[in-house]
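Numbering (my numbering), first residue to last: 2 to 302.
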């Protein structure tokens, strides 16, 4: 059974179509990444799943049933707009959130989560004393403290440093190990590549990608070269057969035109550069994202 089934859902605001005939299935127990440019329809889709917005047309099923109020007890939701009671102490705040949903004391669960997310020493501090990263981890705990079956996180890594990002990722993977379904939206393509079982991309309200990372990359083939040079890379754009250069400073990704032999590119590279490494590869999710986002027209899939 899928945790979520969206069937041709559409949502418009004042004549603007934010989500256009979107169909999507999220398998139970999976980690599903939602990606897309700002304003593409990610948050609108999530809010329809959460019953904050109602679709103009189409249907939504949660756990195999039409969306209803009782499903809220099985869903944990971290919205894009964060909000905590700043004058409350962290431990008391989390107990309050947990008891609201569970109807019982969740003191032991709170202590376990505070330890897991390295916040135990901050449990008796007021929320206003926390850093942004700490506040975000507290809000994550508030989202999952009632042990929901479905966890929906809207931009959970926004503004987090790498250490806190890894801590949150480990917590998400633990949720999956315990049978939970996790959906999260993100602009961090590297993170989506690492942890998602499935990736869905929406652009201008339409679904443009949906599948595993391998399935998505296979559509583009091995058209990318990743190189490192001993010194600054030179004359890359002038090489015949190179369509696009992504220069990341210490390494470069070169997109080849269709039908070009990568060995010919290698010969040209070596005329002006001393290579440390040269790898033929599928395009990264970052590169695929940019290709689609910058394309003048995007076909629905």
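Idealized CB from N, CA, C, for every residue including glycine.
It should be emphasised that the depicted structure is a prediction, and the values quoted were computed from it without experimental measurement.
Exposed or buried, residue 16, counting other C-beta atoms within 10 Å across all chains shown (16 or more means buried)?
Your numbering for residue 16 matches position 15 in the chain shown. Classification of residue 16: exposed, given that the 10 Å Cβ count is below 16.
CA-CA distance, residue 169 and residue 5?
Locating residue 169 in the chain shown gives position 168, where the first residue counts as 1. Locating residue 5 in the chain shown gives position 4, where the first residue counts as 1. Cα to Cα, the separation comes out at about 23 Å.
Would you please state the rounded distance, in angstroms, between the beta carbons of residue 223 and residue 283? I believe it to be under 8 Å.
Reading the chain shown from its first residue, position 222 is the one you call residue 223. Reading the chain shown from its first residue, position 282 is the one you call residue 283. With 8 Å as the limit, residue 223 and residue 283 qualify as a contact, their Cβ atoms being about 6 Å apart.
Mapping the DSSP letters down to three states, classify residue 29 as helix, strand or coil.
The sequence position of residue 29 within the chain shown is 28, counting from 1. Coil, per DSSP.
Ordered along the chain, which non-local residues of its own chain (more than five positions away) have a Cβ less than 6 Å from that of residue 149?
To locate residue 149, count along the chain shown from 1; it is residue 148. Correct list, in chain order: 75, 76, 77.
Alpha carbons only, please: which of 261, 231, 250 is nearest the one belonging to residue 318?
No statement about residue 318 is possible, as the shown extent of the chain runs from 2 to 302 and does not include it.
Between the beta-carbon of residue 202 and the beta-carbon of residue 209, is there less than 8 Å?
As a first step, residue 202 is located in the chain shown; it is residue number 201 there, counting from the start. As a first step, residue 209 is located in the chain shown; it is residue number 208 there, counting from the start. Their beta carbons are under 8 Å apart, which means residue 202 touches residue 209 by this criterion.
Could you please give me the residues that DSSP links to residue 253 through a beta bridge?
Indexing the chain shown from 1 puts residue 253 at position 252. In DSSP, residue 253 forms a bridge with 228, 248.
Give the single residue among 163, 60, 147, 234 whose Cα lies nearest to the Cα of residue 101.
For the purposes of this step, residue 101 is identified with residue 100 of the chain shown, where counting begins at 1. Nearest of 163, 60, 147, 234 to residue 101, Cα basis: 147.
Does the distance from the C-beta atom of residue 145 to that of residue 120 stay below 8 Å?
If you number the chain shown from 1, residue 145 lands on position 144. If you number the chain shown from 1, residue 120 lands on position 119. Not in contact: residue 145 and residue 120 (Cβ atoms no closer than 8 Å).
According to DSSP, what are the bridge partners of residue 65?
For the purposes of this step, residue 65 is taken as the residue at position 64 of the chain shown. For residue 65, which the question treats as bridged, DSSP gives no partner whatsoever.
Alpha carbon to alpha carbon, how far is residue 272 from residue 292?
Counting from 1 along the chain shown, the entry for residue 272 is found at position 271. Counting from 1 along the chain shown, the entry for residue 292 is found at position 291. Distance between the alpha carbons of residue 272 and residue 292: 29 Å.
Buried or exposed: where does residue 92 fall if 16 or more other Cβ atoms within 10 Å of its Cβ makes it buried?
As a first step, residue 92 is located in the chain shown; it is residue number 91 there, counting from the start. Looking at its Cβ environment, which holds 16 or more other Cβ atoms inside 10 Å, residue 92 is buried.
Determine which residues share a DSSP beta bridge with residue 34 and list them.
In the chain shown, counting from the first residue as 1, residue 34 sits at position 33. Answer is 185, 200.
Would residue 124 pass as a contact of residue 113 if the rule is Cβ separation under 8 Å?
For this step, residue 124 is matched to residue 123 along the chain shown. For this step, residue 113 is matched to residue 112 along the chain shown. Against a cut-off of 8 Å, the Cβ pair of residue 113 and residue 124 comes out as no contact.
On the CB-based measure, 16 or more other CB atoms within 10 Å of its CB, does residue 251 come out buried or exposed?
By one-based count along the chain shown, residue 251 stands at place 250. The residue in question, residue 251, is exposed, as its Cβ has fewer than 16 Cβ neighbours within 10 Å.
In whole angstroms, what separates the C-alpha of residue 128 from that of residue 248?
Taking the first residue of the chain shown as 1, we reach residue 128 at position 127. Taking the first residue of the chain shown as 1, we reach residue 248 at position 247. Each residue's alpha carbon lies about 41 Å from the other.
Given 8 Å as the limit, is there contact between the segment 157–168 and the segment 182–190, that is, 3 or more CB pairs closer than that?
Short answer: they touch.
Going by DSSP, what residue range makes up the beta strand (DSSP E) through residue 240?
In the chain shown, counting from the first residue as 1, residue 240 sits at position 239. Residue 240 -> no beta strand (DSSP E), and no H or E assigned at all.
Is residue 306 helix, strand or coil when you go by DSSP?
Outside the shown range of the chain, which is 2 to 302, sits residue 306, and nothing can be said about it.
I need the straight-line Cα distance from residue 268 to residue 279, nearest angstrom please.
Position 267 of the chain shown, counted from the first residue, corresponds to residue 268. Position 278 of the chain shown, counted from the first residue, corresponds to residue 279. Looking at the two C-alpha atoms, the distance is approximately 11 Å.
Given that a residue counts as buried once 16 or more other Cβ atoms are within 10 Å of its Cβ, and exposed if not, what is residue 171?
For the purposes of this step, residue 171 is identified with residue 170 of the chain shown, where counting begins at 1. It is exposed - the Cβ of residue 171 has fewer than 16 other Cβ atoms within 10 Å.
Using the Cβ count rule (16 or more neighbours within 10 Å means buried), how would you classify residue 37?
Looking up residue 37 in the chain shown gives position 36. It is buried - the Cβ of residue 37 has at least 16 other Cβ atoms within 10 Å.
Given that a residue counts as buried once 16 or more other Cβ atoms are within 10 Å of its Cβ, and exposed if not, what is residue 303?
The structure shown does not extend to residue 303, since the chain is modelled only from 2 to 302, so the question has no answer here.
Measure the alpha-carbon distance for residue 302 versus residue 217 and round it to whole angstroms.
Reading the chain shown from its first residue, position 301 is the one you call residue 302. Reading the chain shown from its first residue, position 216 is the one you call residue 217. Its pLDDT being 47, under 50, residue 302 is placed unreliably by the model, and nothing is read from it.
My output table needs one value for residue 98: the three-state DSSP class, helix, strand or coil.
Numbered from its first residue, the chain shown carries residue 98 at position 97. Residue 98: helix per DSSP, three-state reduction.
Residue 122: buried (16+ other C-beta within 10 angstroms of its C-beta) or exposed?
Taking the chain shown and counting its residues from 1, the one referred to as residue 122 is at position 121. It is exposed - the Cβ of residue 122 has fewer than 16 other Cβ atoms within 10 Å.
Thinking C-beta only, is residue 98 closer than 8 Å to residue 143?
For the purposes of this step, residue 143 is taken as residue 142 along the chain shown, with counting starting at 1. For the purposes of this step, residue 98 is taken as residue 97 along the chain shown, with counting starting at 1. Contact: yes.
Would you mind reading off the limits of the beta strand (DSSP E) that contains residue 296?
Position 295 of the chain shown, counted from the start, is the residue given in the question as residue 296. That residue, residue 296, is in no beta strand (DSSP E); it is neither H nor E in DSSP.
So, for residue 299: in the same chain, excluding its five sequence neighbours on each side, which residues have a beta-carbon less than 8 Å away from its beta-carbon?
In the chain shown, the residue the question calls residue 299 occupies position 298. Only weak support exists for where residue 299 lies, its pLDDT of 48 falling under 50; the coordinates are left without a value.
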